[in-house]
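Residue numbers (mature numbering (1 follows the signal peptide of the UniProt record, and there is no 0)): -32 to -1, 1 to 92. Glycine included, each C-beta is placed from N, C-alpha and C at the ideal position.
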């Protein structure tokens, strides 16, 4: 019985084909390389993503820039993380492609501490 391979004239055609594909793939650029990730500042994330609904003049979502007592930061941060990643009521979920984990951590710290209380908002 004859072996059917990509290279019928070569006894080890499947090995040669796999090696060729592997070497060709090694020269391709890597997409989504997190080592070159640009991390946005919390105020920039708030302006680009959050302020459309949470800025006081829009009244769509609750105001989220008010500082919390330090004792509540962990619980409030967990709530913000869960809500951002999973959504809630009218708020959509934001996956890591929209807000990375490192950006979300910075945003949460800024929100619970009140750092963004006077953040610039989107003008429409």
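Apply the 10 Å Cβ neighbour rule to residue i and answer buried if 16 or more other Cβ atoms are within range, or exposed otherwise.
i	result
residue 71	buried
residue 77	exposed
residue 80	buried
residue 74	buried
residue 14	buried
residue 60	exposed
residue 10	buried
residue 92	In this predicted model, residue 92 has a pLDDT of only 46, less than 50, meaning its place in the structure is not dependable enough to derive any value.
Less than 7 Å between the beta carbons of residue i and residue j, yes or no?
i	j	result
residue 82	residue 39	no
residue 51	residue 85	no
Compute the beta-carbon to beta-carbon distance between residue i and residue j, rounded to the nearest angstrom, for a pair I have assumed lies under 8 Å.
i	j	result
residue 17	residue 66	7 Å
Nearer than 6 Å: is that true of the beta carbon of residue i relative to any heavy atom of the ligand GTP?
i	result
residue 51	Annotation note on the ligand GTP: not contained in the displayed structure, which lists no ligands.
Kindly indicate if chain B contains any beta-carbon less than 7 Å away from that of residue i.
i	result
residue 25	The displayed structure is made up of one protein chain only, and chain B is not part of it.
Can we say the region 36 to 45 touches the region 7 to 26, given the rule of at least three CB pairs closer than 8 Å? no
Can you check the region 25 to 58 for any beta strand (DSSP E) of at least 3 residues that lies completely inside it and give the ranges in chain order? For the region 25 to 58, not a single whole beta strand (DSSP E) run of length 3 or above is found.
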